[in-house]
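Colleague:
Numbering (the UniProt record's numbering), first residue to last: 1 to 292.
See the structure below:
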């Protein structure tokens, strides 16, 4: 068996230098953020470029700019660092399987709580909220095509993503969606064209929901989850508790490429029975139970 030399193996410090420099585009700011010398940052980037066999950055008067190759590698580097962060604090993560369905509880270092409990799809037909029933019906009638006329009634409530190599890019935020209602008009207009990991909800929540998104993208179909989270709200970014039902729907764009449609309904009607905890009340004006 061939053993790789140390210089051929990417380290966490290399990845941190890569991600930080991609965001700051400035060597001095990156060295200050990571608490290492500029020379160390340069060495980490050079070693990574040697390992990958391609340049990650172009250096110009404006600082460090990602090359096209570097851009394609940024998303996976961020994911590795998020996974390491979650693994390192694994005592705050509880995963359960309830009748073949996923249930996850995450307590972050700053005390924020995220809880998710997957539910069977037939629960929507039996006792679902009106908007959830409408969403599932539209998806079925539209045969997964996002531009099908049957999707028109539910489209204003959807958040649409396209999967690219660097992550999930937002392509549409419905003006009546739970996301527009919770985060506000400015966020709704600014989110389009951004990667999900660059939005205001933060790495903890994006990492928390990543597995469910990946499942629908890989296998298609639909998935129903009930969730509770602490998220920034409105223009003031004040952290507030929110509970909601979420329907993930595998769809296709007109060119045949996969789309992920997210229908969320802010509601107190969530079943998180796999975990016992006291839910904080959320703003009543946010509730969408009567939306149809």
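Ideal Cβ positions, reconstructed from N, Cα and C, are used throughout, including at glycine.
In chain order, what residues of the same chain lie with their CB nearer than 6 angstroms to the CB of residue 93, ignoring the 5 residues before and after it?
Modeller: Against the chain shown, residue 93 aligns to sequence position 93. Same-chain partners within the cutoff: 106.
Colleague: What is the residue span of the beta strand (DSSP E) that residue 57 lies within?
Modeller: As a working note, residue 57 is residue 57 in the chain shown. Residues 57-60.
Colleague: What's the call for residue 17, buried or exposed, on a 16-neighbour Cβ count within 10 Å?
Modeller: As a working note, residue 17 is residue 17 in the chain shown. Burial call: buried.
Colleague: Specify, as a first and last residue, the run of the beta strand (DSSP E) that residue 63 falls within.
Modeller: Numbered from its first residue, the chain shown carries residue 63 at position 63. Note, residue 63: beta strand (DSSP E), 63-66.
Colleague: Exposed or buried, which one is residue 108 when buried takes at least 16 other CB atoms within 10 Å?
Modeller: Stepping through the chain shown from its first residue, residue 108 is reached at position 108. Its Cβ being crowded by 16 or more others within 10 Å, residue 108 is buried.
Colleague: Bridge partners for residue 179 per DSSP, in chain order?
Modeller: Taking the first residue of the chain shown as position 1, residue 179 is located at position 179. Beta-bridge pairing links residue 179 to no other residue.
Colleague: Let's see if you can read the secondary structure: which residues bound the alpha helix (DSSP H) around residue 222?
Modeller: The residue labelled residue 222 in the question sits at position 222 within the chain shown. Looking at the DSSP string, residue 222 is not in any alpha helix (DSSP H); the run it does join, the beta strand (DSSP E), is 222-233.
Colleague: Please classify residue 232 as buried or exposed, where buried requires at least 16 neighbouring CB atoms within 10 angstroms.
Modeller: Within the chain shown, residue 232 is the residue found at index 232, counting from 1. Classification for residue 232: buried.
Colleague: Could you check where the alpha helix (DSSP H) with residue 150 kicks off and where it finishes?
Modeller: Taking the chain shown and counting its residues from 1, the one referred to as residue 150 is at position 150. Run containing residue 150: none; DSSP gives neither H nor E here.
Colleague: Taking contact to mean 3 or more Cβ pairs, one atom from each stretch, closer than 8 angstroms, check whether the segment 45-60 and the segment 129-141 are in contact.
Modeller: In short, these stretches do not touch, since the Cβ pair count stays below three.
Colleague: Does DSSP put residue 264 in a helix, a strand or coil?
Modeller: By 1-based counting over the chain shown, the position of residue 264 is 264. Here residue 264 sits in strand by DSSP.
Colleague: From residue 21 to residue 38, what does the alpha carbon distance come to, in whole angstroms?
Modeller: Residue 21 sits at position 21 when you count from the first residue of the chain shown. Residue 38 sits at position 38 when you count from the first residue of the chain shown. Each residue's alpha carbon lies about 11 angstroms from the other.
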